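Trainee: One structure, pasted below without further comment.
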Amino acid sequence: MFQHDPKEPVGTWESMAEDTHGPFVTGRLVPGVPRSDALKRLIENGALDGLSIGFRTLKASRRDGDRLLYEIDLYEVSIVTFPMMEEARIASPPRTGPTLRA
Numbered sequence: 001m002f003q004h005d006p007k008e009p010v011g012t013w014e015s016m017a018e019d020t021h022g023p024f025v026t027g028r029l030v031p032g033v034p035r036s037d038a039l040k041r042l043i044e045n046g047a048l049d050g051l052s053i054g055f056r057t058l059k060a061s062r063r064d065g066d067r068l069l070y071e072i073d074l075y076e077v078s079i080v081t082f083p084m085m086e087e088a089r090i091a092s093p094p095r096t097g098p099t100l101r102a
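Here is the structure:
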């Protein structure tokens, strides 16, 4: 989705994994969708690179004012203008296809 808007689907996520740094997803924008085509151009030109997840917390705790997430139910991953986590970024621009890595 774009900006977590369920009326703005823009592509599909093809794989999801997690490493010691956090989640890692690979996906592609759907060609011919006007918003997808615009996002592809913005991403290719470095004007947009944020990612954000929508989830429901299943298991968490608090420590020193921080919320620690142990288990979540992931609903979606969105391309966003301002990600909550600074490092949640598209790692490479779309190629023919296009493919996004985050």
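Quick note: the sequence shown uses the numbering used here, first residue 1, plus one each step.
No residue lacks a Cβ here, since even glycine has one placed at the ideal position from N, Cα and C.
Note that the structure is predicted; figures quoted are calculated from it, not measured.
Near residue 25, what residues of its chain come up, given a Cβ to Cβ distance below 6 Å and the 5 sequence neighbours on each side ignored?
Mentor: 13, 16, 77 and 102.
Trainee: Between residue 69 and the rest of its own chain, which residues show a CB-CB distance below 6 Å, the 5 nearest in sequence each way excluded?
Mentor: Cβ neighbours of residue 69 beyond the five flanking positions: 60.
Trainee: Apply the 10 Å Cβ neighbour rule to residue 82 and answer buried if 16 or more other Cβ atoms are within range, or exposed otherwise.
Mentor: Residue 82 comes out exposed.
Trainee: Between which two residues does the beta strand (DSSP E) containing residue 38 stretch?
Mentor: Element bounds for residue 38: not the beta strand (DSSP E) but the alpha helix (DSSP H), 34-44.
Trainee: Quick one: what's residue 18 bridged to in DSSP?
Mentor: Note: residue 18 sits in a beta bridge opposite 23.
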